[in-house]
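J.: So the working numbering is basically just the index in the sequence shown, starting at one, shifted up by 1100. Using N, Cα and C, we set each Cβ at its ideal position, and we do this for glycine too. Below is one structure. I have some questions about it.
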Amino acid sequence: FKGKYDTVYLEVDNQNNEGIHFYNEQGFETVRSYQPEMYGEVMNLALMKKTF
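Encoded structure:
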């Protein structure tokens, strides 16, 4: 992504501790958490970003 994008965003389930830990190690930070409804199910998501 370097050279093409300044910032990359991703969503990860807040209950996925291993995933959040992995992305933190890769330099991502949590911007916010939110609970959208998708297909009749409430999700518990974290929006993460990494700026290059």
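Since TYR1123 is in the alpha helix (DSSP H), which residue starts that stretch and which ends it?
T.: 1117-1125
J.: Quick one, are the C-beta atoms of ASN1116 and SER1133 less than 7 angstroms apart?
T.: no
J.: From PHE1122, ILE1120, PHE1128, pick the residue whose C-alpha is nearest to that of VAL1108; which is it?
T.: PHE1128
J.: Quick check: what's the CA-CA separation for THR1130 versus LEU1145?
T.: 10 angstroms
J.: At which residues does the beta strand (DSSP E) containing TYR1105 begin and terminate?
T.: Neither: TYR1105 is in no beta strand (DSSP E) and is coded neither H nor E.
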